[in-house]
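Just so we're aligned, residue 39 is where the sequence shown starts under my numbering, counting upward by one.
Virtual Cβ for every residue (Gly too), placed ideally from N, Cα, C.
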Amino acid sequence: MALPALRRPPPALALLLLWVTGQAAPVAGLGLDPESELHIERRSVPTECPRAVRPGDFVRYHYVGSLRDGRRFDASYDRDSTFNAFVGKGQLISGMDQALVGMCVNERRFVTIPPKLAYGSEGVAGMIPPDSVLHFDVLLVDLWSPEDQVQIHTYFKPASCPRTVQVSDFVRYHCNGTFLDGTLFDSSHNRMKTYDTYVGIGWLIPGMDAGLLGMCVGERRVITIPPFLAYGEAGDGKDIPGQASLVFDVLLLDLHNPKDSISVENQVVPEGCERRSRSGDFMRYHYNGTLLDGSPFDSSYRRNRTFDTYVGQGYVIPGMDQGLLGMCIGERRRIVVPPHLGYGEEGRGNIPGSAVLVFDVQVVDFHNPSDSVNITSHYRPPDCSVRSQKGDFLKYHYNASLLDGTLLASTWNLGKTHNVVLGFGQVVLGVDMGLREMCVGERRTVVIPPHLGYGEAGVEIALVSWKNWLLHGAVAAGHLAVCPDPSAAPSPCCCLDLRSAGFRGGAGQRRAGVRHRAAGAGGRAARGLHVRVDRRGVPQPLRGDRQGRRRGRPPGGVLRVHPRPGGQRQREAGSRI
C-alpha cells in the first residue's frame, strides 16, 4: 500500500518555520512588518562549535550598534572591552537576549531588533531616539556557565608513564595560554623558559591545580578553565580581562616531590662481581646525562673521556654520591636524581633550575686509596726452590690492560720478553712488588692501584727488545693489572698480569658536573720503565725516554696483563667500551 503524500506547507509558513528555528530571517511577504520582528543574519560561523549559548550562560561579546540611517550610537570596540552579561536573566534588552541564543564562540551575527524588543517609545536620551529599530553587529568571544568545571582533553600520552602528578608535587611544564576565541595571552615557549611550580597547594589558580593532576611526563593536554576557577571578575590586572575563560595547551616536562630520594633503574650487573664500590673509593665511569623528558645535557662519551672522582665524599652532587655506591666494575645503571639532590633551584650551565636529572652510568674501574697490590698466583711449579728477590735479573712475559679489559701492551705481540732488575726503579713500584717472591714458570695476576702505578698523570709503556727501544701501548694514570687466564704462557719465565684500578689520588678536585684532576700523589716517572741490555745480557738502567714517543692516555686507569700469546686487539685506553 502506498503511503499518502505529505502535505507541503504553504510557502509563507515554510519561511516562518525557518525563521523560528534561526535558519533564516523574516522577510517581506508574510503579512508582517520586517522591522517589527527580530531579524538574525549569521554572517560568519566557525567550522567547529563544541558549545553554543544557552539561556543562563554568561557571555562576553563585542558589538557595534547603529540606527536605521547607519549612524553608530555605541560600540564595545571604542572602550577596548567586551560587553559581559548573563543571557536570559533580564540583563540585556529582550531582542539581544534572544539573538545570542545558539551562538558559537567566534560566530558573527548581524541582528535587527524592533523597538518593542529594544528601548520602545522611550529610547535612550541623547543616544537612541524613541521607537528606533536597532542594528547590532555582534561577535561572540566567550561563554561559560556557573555550573561548568575544568575540562581536560588529552591529545598525546606517552606509552610509558611510571608516575603521574599528585598533590604537593613540583612540576616543570610548557604551556600556551589563550582565551576561548584563540587569542594568545601568554606562552612559556615564547619566553623559552618553563613554568615551574608546586601543584595542589595554592601556588596556581584552582583550575590549573586541578588540570595538572594525573599528568605524565611527556603528556600533552588542553585544560579549559571557567573564570570562577581562574582570575574571576577582576582578571589578572594585565593581560587577562575579568570573567574570561582560559585555555591552556600544556606539555609536562618534569615532576618530582620534595620527599623523593634517588631511584636506581635498569641495572645490568656483570657476572663475577667480586667487589662493589663504597664511600671513599675513586671511580672512573662513563655516563649520559639527560633531563626527565629525554633532553641531553652532558655525555662523557662525546668527550671520549671518563668522569673520574671520589664517591661519598662530596666531590659530586649528593644524588650521584648515593647512586654510585654498591656498583661493580662493568655495571650499568640508570640513576634518577631529584633537584634537591642535584643542582637545586639554580641549575647549572644548560641544566635548568629544579630539574630532575637522569644519568645512564657504566663503571669502568674503581679503587680505594688504601688499596695495596693484590697478587693472585694461578700456577706455581711444585719444585720451586728459588724465589725472586731484590737485585735479581728477571725475564718475563705479560699482557697489560686496564681494569675494564682494555689492552695496553703485550710482550707476546713483540715476540720478546721484558727484562728487568728488581729493586732498582726500572719498573713502577707496584710491578716491582708484584714480581717478588716468584718462581720460574709461575703465573700470577697483580692488581696495582694507581698510587703504586702511574699515578695521576699516566704514562706510555716503552717495551725493551734486545736490539733497540720499542714503544708499545700505554698506561693510563693509576692503572692496575690482572692475569685471568694463566693457561698459555709459552716459555719458562715469570708471567705477570698487570691491571690498574684507576686512582688519581689526592684532594683539590672540583665538584660534580665539571671535569677535574686530583692534585694528590702521582705515579712514578716514565723513565723508570726504560732498560737497556748490553751484549752480555746485563740490563743497564737509562735516564729519560730518548727514543720512545708518547701518546696521550687517560689518567686514573688500570693495567691488566693476560698470560695469553698475542693478547687481544689493542685500542685506545679510555675509549668507549
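Original post:
Does the beta-carbon of residue 115 have 16 or more other beta-carbons within 10 angstroms, so that it is buried, or is it exposed?
Top reply: exposed
**OP:** Return the first residue and the last residue of the beta strand (DSSP E) that residue 358 is part of.
**Re:** Where residue 358 is concerned, there is no enclosing beta strand (DSSP E), although the alpha helix (DSSP H) it sits in stretches over 356–361.
Subject >> Supposed close pair residue 98, residue 179 - CB separation, criterion 8 angstroms >> reply: 5 angstroms
Original post:
For residue 257 versus residue 290, is the C-beta distance shorter than 8 angstroms?
Top reply: yes
Original post:
Looking only at C-alpha atoms, which of 328, 341, 400 sits nearest to residue 389?
Top reply: 328
Subject >> DSSP state of residue 488 mapped onto helix, strand, coil >> reply: helix
Original post:
DSSP beta-bridge partners for residue 334?
Top reply: 328
Original post:
When the Cα atoms are used, what is the spatial distance from residue 430 to residue 465?
Top reply: 13 angstroms
Original post:
DSSP on residue 140, reduced to helix/strand/coil?
Top reply: coil
Subject >> Residue span of the beta strand (DSSP E) that contains residue 447, given as start and end >> reply: 445–448
Subject >> Enclosing alpha helix (DSSP H) for residue 226 [first to last residue] >> reply: 226–229
**OP:** Please list, in chain order, all residues of the same chain as residue 96 whose beta carbon is under 6 angstroms from its beta carbon, the five residues on each side excluded.
**Re:** 124, 182
Original post:
Among the residues of its own chain, which have a CB less than 8 angstroms from the CB of residue 249, if the five just before and after it don't count?
Top reply: 188, 190, 259, 261, 263, 286, 288
Subject >> Closest residue to residue 320 among 334, 452, 494 (Cα-Cα distance) >> reply: 494
Subject >> C-beta contact flag for residue 325 and residue 338 at 8 angstroms >> reply: yes
**OP:** Can you check DSSP and say which residues form a bridge with residue 214?
**Re:** 225, 287
**OP:** Check whether the Cβ atoms of residue 279 and residue 392 lie closer than 8 angstroms to each other.
**Re:** no
Subject >> Complete runs of the beta strand (DSSP E) confined to the region 352–420 [at least 3 residues] >> reply: 370–375, 395–405, 412–417
**OP:** Buried or exposed for residue 480, please, with buried defined as at least 16 other CB atoms from any protein chain shown within 10 angstroms of its CB.
**Re:** buried
Subject >> Buried or exposed (CB count within 10 angstroms, at least 16 for buried), residue 147 >> reply: buried
Subject >> Nearest-angstrom Cα separation, counted from residue 211 out to residue 136 >> reply: 42 angstroms
**OP:** Keeping to the same chain, check which residues put their C-beta closer than 6 angstroms to that of residue 305; ignore five residues upstream and five downstream.
**Re:** 371
Original post:
For residue 183, which of helix, strand or coil comes out of DSSP?
Top reply: coil
**OP:** Would you tell me roughly how many angstroms separate the C-alpha atoms of residue 484 and residue 436, rounded to the nearest one?
**Re:** 11 angstroms
**OP:** Check each candidate in 433, 476, 403, 478 and name the one with the smallest Cα separation from residue 488.
**Re:** 403
Subject >> Spatial distance of residue 199 from residue 117 (CA atoms) >> reply: 49 angstroms
Original post:
Where does residue 22 fall in DSSP's three states?
Top reply: Since the first and last residues shown for the chain are 39 and 615, residue 22 lies out of range.
**OP:** Could you give the DSSP three-state label for residue 122: helix, strand or coil?
**Re:** strand
Original post:
Tell me the DSSP bridge mates of residue 321?
Top reply: 347, 404
Subject >> Under the three-state DSSP convention, the category residue 301 falls into >> reply: strand
Original post:
Is the CB-CB distance between residue 486 and residue 401 below 8 angstroms?
Top reply: no
Subject >> Pair within 8 angstroms by beta-carbon distance, residue 365 and residue 314 >> reply: yes
Original post:
Alpha carbon to alpha carbon, what distance is there between residue 214 and residue 303?
Top reply: 33 angstroms
Original post:
Relative to the alpha-carbon of residue 176, which residue among 203, 201, 102, 230 has its alpha-carbon at the smallest distance?
Top reply: 102
**OP:** Determine the DSSP secondary structure at residue 267, reduced to helix, strand or coil.
**Re:** helix
**OP:** Would you identify the three-state DSSP class for residue 451, choosing helix, strand or coil?
**Re:** helix
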